[in-house]
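Undergrad:
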Amino acid sequence: MKKSILSAFFFLCICTLLSFSPEQASAASYINTKQVYTYEIMEQDIEELAKAYPDLIQYKVIGKSEYGRNIYAVSLGKGSSVSFINGSHHAREWMSTIVNMYMIDQYANAYKNGTSINGYNVKSILNDSKIWFVPMVNPDGVTLQQFGLKKFPKEDHDDLIKMNAGSTNFSRWKANAKGLDLNRQYDADWKNICCNPGKPYFKNYKGPKPHHAKEVTAVLDFVNEIKPEISVSYHSSGQILYWNFHQKGTQYNRDHALAKQIGRMTGYSLVYPKSNPSGGGFTDWFISHYNRPAFTPEIAPYVQETSPPLSVFPKVWNENKAVGLYVTKEGHKLFMGRYQSVQAAATKKVNNALLKSKALRPYHTTNIKTVSDLNISADFTNLFNDTGKLIKEAEQSVASLTEADKTRLSIYIEEAKTRRTDAARFIDAVNIGNKLLEQKTGLDRLLLQGKLDDTIVMNYNELSSSINKAEKVVSRIYGSEYRKLAGEKYISPSKISRESIIYEVSRYNLLGVIEDEFEQQQYSQLEERFAMLERLEKRSVQIKADGNKKHPGKYPDYPEIEAQLQIWKQNSAEKYKEITNGELSNNVE
74 MKKSILSAFF
84 FLCICTLLSF
94 SPEQASAASY
104 INTKQVYTYE
114 IMEQDIEELA
124 KAYPDLIQYK
134 VIGKSEYGRN
144 IYAVSLGKGS
154 SVSFINGSHH
164 AREWMSTIVN
174 MYMIDQYANA
184 YKNGTSINGY
194 NVKSILNDSK
204 IWFVPMVNPD
214 GVTLQQFGLK
224 KFPKEDHDDL
234 IKMNAGSTNF
244 SRWKANAKGL
254 DLNRQYDADW
264 KNICCNPGKP
274 YFKNYKGPKP
284 HHAKEVTAVL
294 DFVNEIKPEI
304 SVSYHSSGQI
314 LYWNFHQKGT
324 QYNRDHALAK
334 QIGRMTGYSL
344 VYPKSNPSGG
354 GFTDWFISHY
364 NRPAFTPEIA
374 PYVQETSPPL
384 SVFPKVWNEN
394 KAVGLYVTKE
404 GHKLFMGRYQ
414 SVQAAATKKV
424 NNALLKSKAL
434 RPYHTTNIKT
444 VSDLNISADF
454 TNLFNDTGKL
464 IKEAEQSVAS
474 LTEADKTRLS
484 IYIEEAKTRR
494 TDAARFIDAV
504 NIGNKLLEQK
514 TGLDRLLLQG
524 KLDDTIVMNY
534 NELSSSINKA
544 EKVVSRIYGS
554 EYRKLAGEKY
564 ISPSKISRES
574 IIYEVSRYNL
584 LGVIEDEFEQ
594 QQYSQLEERF
604 AMLERLEKRS
614 VQIKADGNKK
624 HPGKYPDYPE
634 IEAQLQIWKQ
644 NSAEKYKEIT
654 NGELSNNVE
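Here the sequence shown is numbered in this note's numbering, starting from 74 and rising by one per residue.
1. Can you check the stretch 327–405 for any alpha helix (DSSP H) of at least 4 residues that lies completely inside it and give the ranges in chain order?
2. Work out the CA separation of I360 and Y110 for me, nearest whole Å.
3. Using only the alpha-carbon positions, how far apart do K568 and F603 sit?
4. List the endpoints of the continuous alpha helix (DSSP H) containing I569.
5. Once the 5 residues before and after Q131 are set aside, which same chain residues still bring their CB inside 8 Å of it?
6. The alpha helix (DSSP H) with L293 in it runs from where to where?
7. Where does the unbroken alpha helix (DSSP H) through V530 begin, and where does it stop?
8. Opposite G150 in the DSSP bridges: which residues?
9. Looking at the structure shown, is G322 part of a helix, part of a strand, or coil, going by DSSP?
10. Taking the Cβ atom as the reference point for each residue, do R142 and D213 lie within a distance shorter than 7 Å?
11. By the DSSP assignment, the beta strand (DSSP E) with Q131 in it spans what residues?
12. Would you kindly check if the distance between the Cβ of P366 and the Cβ of I303 is under 7 Å?
13. May I have the straight-line CA-CA distance separating I114 from A395, to the nearest angstrom?
14. Could you please give the first and the last residue of the uninterrupted beta strand (DSSP E) stretch that includes S306?
15. Could you have a look at L253 and say whether DSSP puts it in helix, strand or coil?
16. Less than 7 Å separating the beta-carbons of R257 and G353?
17. Short check: CB of P283 to CB of D260, under 7 Å?
18. Would you be able to state if there are at least three C-beta pairs under 8 Å between the stretch 174–192 and the stretch 216–231?
19. Can you have a look at K431 and say buried or exposed, based on whether 16 or more other CB atoms are within 10 angstroms of its CB?
20. Give every residue of the same chain whose Cβ lies closer than 8 Å to the Cβ of T356, excluding the five residues on either side of it in the sequence, and list them in chain order.
21. Tell me, please, whether the CB atom of E302 is closer than 7 Å to any CB atom in chain B?
22. Look at I104 and A291 and say whether their C-beta atoms are less than 7 Å apart.
23. State the Cα-Cα distance for the pair H308 and E371, rounded to the nearest angstrom.
24. Just the C-alpha distance for P95 and N269, rounded to the nearest angstrom, thanks.
25. Which residue's Cα is closest to the Cα of Y631: Q522, N393, D294?
26. Do R571 and S538 have their C-beta atoms within less than 7 Å of each other?
27. Give the single residue among I616, G585, L433, K627 whose Cα lies nearest to the Cα of N644.
28. Here's the rule I'm using: 16 or more other beta-carbon atoms within 10 Å means buried, otherwise exposed. How should S445 be labelled?
29. Below 8 Å, how does it come out for the stretch 329–340 and the stretch 171–178: are there three or more Cβ pairs, yes or no?
30. Give me the DSSP bridge partner(s) of V155.
31. Compare the C-alpha of D527 against each of I616, V578, D517, I158 and name the closest.
32. In this structure, does DSSP put Y555 in helix, strand or coil?
33. Mapping DSSP to helix, strand and coil, what is E647?
34. Pairs of beta-carbons, one from the stretch 547–565 and one from the stretch 502–511, closer than 8 Å: are there three or more?
35. Within its chain, find whatever has a CB closer than 6 Å to the CB of S613; leave out the 5 residues flanking it on each side and keep chain order.
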């Protein structure tokens with residue numbers, strides 16, 4: 074008897090295990106759904122989730138509320154397409170924040186464990202897409218509704234009570250803490266919004282103008298940054314689904330089909346458009362601004378002007394747990410439908426940039442046969458500028474592609490940029506080379522005047538500095554044969570001009586030093602200075618002789634300048650003899 078009971082027990086356990094699917098498993102959770110869900114708890118939970126799933130979850134502050142509380146955005150997923158879910162536009166509807174946070178929590182857990190939710194492959198969806206959540210759009214209003222006045226400055230209490238129609242019970246509070254209804258703040262038929270009290274109030278005040286509230290501005294800026302394919306804005310209560318705002322034709326049919334599926338998933342009734350619907354809501358704005366699908370589920374049974382009881386959350390979650398996955402999957406389809414044309418356009422732009430860049434190469438390589446070909450034609454300049462514009466367009470076009478496509482096409486963009494850089498280096502070398510020749514010609518012209526002075530020395534020094542810079546630029550030209558031609562045209566003649574006068578300039582400078590030392594009565598090194606002058610004179614003769622052997626006629630003697638230097642030297646030597654009452658050493662004269 075005992076044996077048969079024991080066998081039956083084991084049989085029952087095995088049957089239970091076999092019938093217990095991964096979807097039915099109770100996933101580990103960081104979110105306590107059985108407590109009043111406050112702004113502070115949400116902050117802690119966001120941090121914990123980001124630590125628990127660092128490769129999957131990131132968060133950032135997208136703005137501040139009117140009272141300085143952070144408005145958080147949390148991302149979940151790794152893909153290129155983006156969907157957007159938010160909650161708690163209205164203060165008393167903070168159960169929608171729990172829905173947002175529990176989605177993040179449960180989807181991340183399912184991704185990690187490779188489990189599905191209502192048949193949706195979570196890992197596949199989140200690898201293709203990214204969901205951005207703003208779980209609490211209205212942290213001030215939620216805090217006021219949950220805690221009353223105690224978390225707000227005393228000097229504002231009277232105004233808050235006045236906006237609450239004289240009551241200190243804020244459980245019905247719907248607006249932000251400045252009395253603006255955030256879901257009547259969006260610029261979508263804003264002038265026609267009904268039931269506006271005309272002043273700050275606990276509900277329905279649309280404000281002095283659209284997008285006046287800081288919370289709304291933060292959401293708008295963020296949405297315009299991420300440009301989601303589809304959005305869901307959770308509210309409570311009533312178990313109904315808003316989905317339409319002036320759509321027509323194919324857009325209406327598309328959004329209607331999506332709404333019907335969400336209705337089937339949740340059991341919520343679809344709200345069909347009236348002839349003159351009141352706008353101002355986030356969903357209204359998103360539909361009209363982006364022409365993309367957006368939905369407002371009103372979760373939980375209708376509870377009039379307060380927050381739904383926590384006891385209904387398990388039912389709410391069961392109705393909505395797959396909604397985020399469904400809209401994200403559908404959003405990815407929309408993304409891919411549009412993406413193919415975007416991808417094709419980007420590929421074309423990248424190809425155009427690459428072809429243009431290839432057309433640059435002959436202008437600075439095969440077309441260059443002799444030094445006379447080293448020039449920048451108007452065609453070359455126009456092609457160079459056009460290539461730069463096309464590269465910039467190509468870079469912009471790939472920015473919205475998937476990482477894989479971006480990486481693939483970026484290789485060709487980098488090739489185009491490299492080819493343009495090669496052209497740019499040639500252009501720089503020619504421009505700098507031409508300026509160098511202008512400096513050389515200017516120095517030569519001054520030397521022909523037959524007088525060495527500080528102006529010539531300054532021009533000589535500037536030419537020397539320019540030669541060094543030009544050599545560096547020429548060294549970066551693509552192709553050794555073209556570097557050689559540039560050197561022959563620009564560097565060599567400039568160096569010859571510099572060398573033809575190098576020792577005259579050196580002697581001029583040294584005679585200036587001797588003259589300064591006479592004035593300062595510093596005589597100890599003068600004999601050594603005169604000896605150096607003798608050596609510089611010999612080098613001057615030698616370099617001209619050697620230079621003219623290699624480059625006949627390129628190293629002139631400049632007799633007037635030589636005479637000028639000799640007279641200056643003789644005068645200085647006589648002065649030295651007078652001062653020392655002696656003779657200069659034999660090796661000086």
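Ideal Cβ placement from N, Cα and C applies to all residues, glycine included.
Here the structure is a predicted model, which means the values were calculated and not measured.
TA: Reading off the structure:
1. 355–363, 386–393
2. 30 Å
3. Each residue's alpha carbon lies about 27 Å from the other.
4. That run of the alpha helix (DSSP H) goes 565–592.
5. A123, V147, S148
6. 287–299
7. 527–547
8. DSSP, once it has assigned bridges, lists K203 as partnering G150.
9. helix
10. yes
11. 130–137
12. yes
13. 24 Å
14. 303–306
15. coil
16. yes
17. yes
18. no
19. exposed
20. S304, S306, Y315, W316, F318, A367, F368, T369
21. Included in the structure is just one protein chain, with no chain B present.
22. no
23. 5 Å
24. Per-residue confidence for P95 stands at a pLDDT of 39, beneath the threshold of 50, marking its modelled position as unreliable; the derived number appears in the next sentence. Between P95 and N269, the C-alpha separation is close to 49 Å.
25. The residue with the shortest Cα to Cα distance from Y631 is Q522.
26. At least 7 Å separates the beta-carbon of R571 from that of S538.
27. G585
28. exposed
29. no
30. K203
31. A check of alpha carbon separations from D527 across I616, V578, D517, I158 identifies V578 as the nearest.
32. helix
33. Of the three classes helix, strand and coil, the one that applies to E647 here is helix, per DSSP.
34. yes
35. Y576
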